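The sequence shown: position 235 = 347 (the numbering used here), numbered continuously.
We treat Cβ as the ideally placed atom computed from N, Cα and C, and that holds for glycine.
All values reported here derive from a predicted model rather than from experimental measurement.
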Amino acid sequence: MKIKLFLILLLAAVLRFYQLGQVPSGFINDEAAFGYNAYSLLKTGRDEFGKAWPIIFHSFGEGKLPAYIYLTMPSVAIFGLNEFAVRLPSAIFGVLTVLVVSRWSLVAGLVLATMPWHIHFSRAAFEANAALFLVTWGTWWWYAKKRKLSLTSFILTIFTYNAARLFTPLWFGWLAWRQRQTKLFLVFLGFWAALMFLPQSRQRLAGTTIFQTQSGVDQRLEQKFAETRNQPLWLTRALHNKPVEYGLDFFRRYSSHFSPEFLFFSGDPIRPRYRVPDMGQLLWLELPFLLIGLYLTIKKRQWWILLWLGLAPLPAAITFETPSAIRSYLMIVPLAIIIAYGVSTAWQKLRLLGQVFLILLFSYNLIHYLDAYFI
113 MKIKLFLILL LAAVLRFYQL GQVPSGFIND EAAFGYNAYS LLKTGRDEFG
163 KAWPIIFHSF GEGKLPAYIY LTMPSVAIFG LNEFAVRLPS AIFGVLTVLV
213 VSRWSLVAGL VLATMPWHIH FSRAAFEANA ALFLVTWGTW WWYAKKRKLS
263 LTSFILTIFT YNAARLFTPL WFGWLAWRQR QTKLFLVFLG FWAALMFLPQ
313 SRQRLAGTTI FQTQSGVDQR LEQKFAETRN QPLWLTRALH NKPVEYGLDF
363 FRRYSSHFSP EFLFFSGDPI RPRYRVPDMG QLLWLELPFL LIGLYLTIKK
413 RQWWILLWLG LAPLPAAITF ETPSAIRSYL MIVPLAIIIA YGVSTAWQKL
463 RLLGQVFLIL LFSYNLIHYL DAYFI
């Protein structure tokens, strides 16, 4: 088992560290902001606007949470202000997440190690990748009955990535409710409330939700009112109103994250940099195993996996850019576990020739992704 775990971690590390400073080419805006603020803190103790050791960083017109910037300081101090240094924490978190998931299942660790979605976000400075590790780590410690370590990890998530500020209270609240750990949840809520009530936090959340004009809900309502002007007013208001329209808009955006088109064939349609061309967020070969694994997860009543998967797209669903690979990023660990259920079951039923064919097909699919990513 130790040899298998070592090989999985080695594969994960190679896929995440190979040419880390060169691919992808150059900084994106967020990476530049993380790197420069980390460098500025090292040199002056202040951010790019001269504020000393802030909790919220202002950059490119938005408030950024502090964790990734502070975590980048050691690598910038050692390697200088460059792409490798800024991306290094994310790559490390990527490998560590594979390690934690492998403690649940080696097959799930292998699925995550080779998952395009996870490779892609581990090779750039994405806060979401750090948050994913902390959520996974916190969940592992919770089930290992190390409550204080779990609480610490979950608290750190809300200082790491905006989507976690909605997901973590719901997820940790359910875990605490199941184990009747009310006091721990109240401690978490204290930290959560302190961060959420900062003006910069409220401004960031308000600017991205479906309640903004960019979502198009108000425009659709106006159009429907115009089209039904000959109907009785009470009927128009009953059928076409903000609660109904926003509810439908939310469910449409939420369900888009479970679309085969998004997961297996086209990926994120809004931000091309979150995927490679003509590929989904997952390997297309994993589709049948996801279906098998989903059936087995329900049959075995592994509700915690399904709840994690169900809660993860909520932060993305309340924004006007969907489906979003980054805001729904917390989906990938339960997806890896579910796919692993399917793979393990199918593997046991296959004969040697079938197993060899499956390995070859999987290798082809992975190489196809890597060719598109690196070339």
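- Secondary structure of Ser440 (DSSP, three-state): coil.
- The beta carbon of Val219 sits closer than 6 Å to those of Ala452, Val455, Ser456, all from its chain and outside the five residues before and after it, given in chain order.
- Around the beta carbon of Gly157, fewer than 16 other beta carbons lie within 10 angstroms, which makes this residue exposed.
- DSSP, read as helix, strand or coil, puts Ala275 in coil.
- Contact annotation: Ile190 and Asn149 have beta-carbon atoms that are not nearer than 7 Å.
- Just measuring C-alpha positions, the residue of Leu464, Phe238, Val213 sitting nearest Thr226 is Val213.
- Membership of Glu398 in the alpha helix (DSSP H) is indicated by the continuous run 398-411.
- Under the three-state reduction of DSSP output, Arg235 falls in the coil class, being neither helix nor strand.
- Note: Arg158 is bridge-paired with Ala164 in the DSSP secondary-structure output.
- Lys461 and Gln467 have their C-alpha atoms roughly 9 Å apart.
- Around Ile382, the same chain offers Glu433 as residues with beta carbons nearer than 6 Å, after the five sequence neighbours per side are excluded.
- Pro186 places its beta carbon 7 Å or farther from that of Phe271.
- Taking C-beta separations shorter than 8 Å and ignoring five residues to either side along the sequence, the partners of Phe205 in its chain run Ser234, Asn241, Ala242, Leu244, Phe245, following chain order.
- For Leu121, same chain residues with a beta-carbon under 7 Å away, outside a window of 5 residues either side, are Val207, Val210, Leu211 in chain order.
- Its Cα nearest to that of Gln293, the residue Arg259 stands out among Gly302, Gly221, Arg259.
- Tyr386 sits close to Ile438, with the two beta carbons spaced by under 7 Å.
- Going by C-alpha positions, Leu154 is about 43 Å away from Ser367.
- Looking at Ile410, Trp229, Leu296, the one whose alpha-carbon comes closest to that of Met391 is Trp229.
- The way I'd put it, the region 394-404 does touch the region 462-481; three or more beta-carbon pairs between them come closer than 8 Å.
- By the Cβ neighbour-count rule, Leu402 is buried, with 16 or more other Cβ atoms within 10 Å of its own.
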